[in-house]
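The structure appears right after this line, and notes come after that.
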Amino acid sequence: MWQKDINISNTFFPISVTKPNRDGVKRMHIPDGFLDPYLCVLTYIISLVSLMWAWRGVRRTFSRSLVPVIAVSSAFVFVGQMLNFPIVYGTSGHLVGGTFLAMLLGPHAAVISMSIVLLIQAIFFADGGISTFGANIFNMAVMGGLSFYIVKLLSGYTSSPKRLSASVFTASWFSIVLGALACAIQIGVSPMFTSAGGVMVTVPAMLFWHIIIGIGEAAITTTLVSQLSRISPAVLSGLTMLRGIAYERRY
Amino acid sequence: MKGVTKAVALIILGLTVFIPFASTYPDGLEKVAESLGIEEPEPVWSGLMPDYTIHTIENPYIAKLISGLIGLVLVFSVAWGIGWATARENHD
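Taken in order, these protein sequences are the chains called A and B.
Using our numbering, the first residue of the first sequence is number 695, and each one after it goes up by one.
Using our numbering, the first residue of the second sequence is number 3, and each one after it goes up by one.
Below is the structure:
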């Protein structure tokens, strides 16, 4: 494979090409032991508060007709996260799907849905630690839910498919990059990474990879959302919510 | 209900087709940890199907497919249950 011939050194962090190192694969989820215990507690608290916000939002807006949608889209995101796509220099990335869920379910249910996926991954597949579960919810579920508001901000409640696609693209890219930034800060301030240089090293390194991985995420999300809005727009409740707000404001 | 079956069938089809093409290279976070020389500590809990494989199954494709299907069913049912519990009866 061509990847084996490339060797690039960087002043910040050495990038050397590695062969596929395992039979299986792991995700961007933070494993147990990477984070300072205090940080684990703090991120658990932040995530619990976010989950309470999401739960209240779901109770207010969620209708029974959306139950199959949340089940199918959560299952889709689980499978999507299993399948890593290769990027450059022997590194891979995978779909996280936060913005996708937000477009299908709205921000609140998207946070709940992603948290369910992360919970099953942590319990059954040891993908993401138990102590770092709070941090992983924050970096993926909460960031994904919040990207709904980036779409809202950028799309300006437009009905133009082009502008909507551009907004979804940007929002999903940001959901990955902001999640990676949060992750980089969390690992950077933890003792495990102090000897390696702390945040000064983890932030540029994480951003470097996730700026690229984010493009993959954005391309997949935009394709999915624009195809769904063409085939069965009724499924995109998140989008309907955006337009609903626009409608209320206008009249 | 027809739509749900169709969507789930499509997801399973996607899983079956794409498993061999999925990259086994380390992902962003693993790559960073690796390049900084940080070993992942022994996990507190190693799950029932660590790394999306089942130890008793030799063939990596089958192991990943089955663990993926189990995960899919688990996520689907938990999401259905929680969705059902939260949603309002006649809310639209």
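C-beta: ideal position from N, C-alpha, C; glycine also.
Which same chain residues, not among the five before or five after Asp726 (chain A), have their C-beta less than 8 angstroms away from its C-beta? Shown here for Asp726 (chain A): same chain residues with a beta carbon closer than 8 angstroms to its own, the five before and five after excluded, namely Gly823, Ile824, Ser825, Thr826 in chain order.
Just to confirm the assignment: which complete alpha helix (DSSP H) runs, minimum length 4, are found wholly within the segment 773-855 of chain A? The segment 773-855 of chain A contains these whole alpha helix (DSSP H) runs: 792-819, 827-830, 837-849.
With a threshold of 7 angstroms on Cβ separation, who are the neighbours of Leu872 (chain A) within its own chain once the five nearest residues in sequence on each side are excluded? Taken in chain order, the residues that qualify are Met837.
Opposing strand residues paired with Asp29 (chain B) [DSSP bridges]: According to the DSSP secondary-structure assignment, Asp29 (chain B) is paired through a beta bridge with A:Ser786.
Express the C-alpha separation of Leu777 (chain A) and Val719 (chain A) in angstroms, rounding to a whole number. Residue confidence is low: Val719 (chain A) scores 39 on pLDDT, short of 50, so the model does not pin down where it sits. No coordinate-derived value is stated.
Is Phe78 (chain B) helix, strand or coil when you go by DSSP? Three-state result, Phe78 (chain B): helix.
Neighbour list for Ala11 (chain B) in chain A, Cβ cutoff strictly below 7 angstroms: In chain A, no part has a C-beta under 7 angstroms from the C-beta of Ala11 (chain B); the shortest such distance is about 11 angstroms.
C-beta contact flag for Thr785 (chain A) and Asp53 (chain B) at 8 angstroms: One thing to note: Thr785 (chain A) has its Cβ no nearer than 8 angstroms to the Cβ of Asp53 (chain B).
Which term fits Pro855 (chain A), buried or exposed, when burial requires 16 or more other beta carbons within 10 angstroms of its beta carbon? Label assigned to Pro855 (chain A): exposed.
Is there at least one non-hydrogen atom of the ligand HEM closer than 7 angstroms to the beta-carbon of Met722 (chain A)? Looking at this structure, you won't find the ligand HEM or any other ligand, since it has none at all.
Buried versus exposed, by CB contacts within 10 Å (16 or more), Phe756 (chain A): Classified as buried, Phe756 (chain A) has 16 or more neighbouring CB atoms from the shown chains inside 10 Å of its CB.
Candidates B:Ala87, B:Ile84, B:Leu76, B:Ala24: which alpha carbon is nearest Phe819 (chain A)'s? Among B:Ala87, B:Ile84, B:Leu76, B:Ala24, the Cα nearest to that of Phe819 (chain A) is on B:Leu76.
Where the segment 41-62 of chain B meets chain A: residues whose CB sits under 7 angstroms from a CB there: Taken in chain order, the members of the segment 41-62 of chain B whose beta-carbon sits within less than 7 angstroms of a beta-carbon on chain A are Glu42, Pro43, Pro45, Val46, Trp47, Ser48, Gly49, Leu50, Met51, Pro52, Asp53, Tyr54, Thr55, Pro62.
Can you pull the chain B residues whose beta carbon is under 7 angstroms from the beta carbon of Val752 (chain A), in chain order? Within 7 angstroms of the CB of Val752 (chain A), the CB atoms of chain B belong to Thr88, in sequence order along the chain.
Determine whether the Cβ of Arg716 (chain A) lies closer than 8 angstroms to any Cβ atom of chain B. In this prediction, Arg716 (chain A) scores a pLDDT of 40, lower than 50, which makes its location untrustworthy; the coordinate-derived value is nonetheless stated afterwards. So, interface residue.
Could one say the Cβ of Met722 (chain A) lies closer than 8 angstroms to chain B's Cβ atoms, at least one of them? Output row for Met722 (chain A): interface = yes.
State the DSSP-derived secondary structure class of Pro725 (chain A), mapped to helix, strand or coil. Coil, per DSSP.
Within 8 angstroms of any Cβ in chain A, is that where the Cβ of Thr18 (chain B) sits? It does not: the Cβ of Thr18 (chain B) has no partner Cβ on chain A nearer than 8 angstroms.
Check whether the Cβ of Phe794 (chain A) lies closer than 8 angstroms to any Cβ atom in chain B. Residue contact with chain B for Phe794 (chain A): absent (no Cβ-Cβ distance below 8 angstroms to any residue of chain B).
So, using beta-carbon positions, are Val929 (chain A) and Leu936 (chain A) closer together than 8 angstroms? No.
Could you pull out every residue in the same chain whose Cβ sits closer than 8 angstroms to the Cβ of Val897 (chain A), ignoring the five residues on either side in sequence? Leu875, Ala878, Ile879, Gly882.
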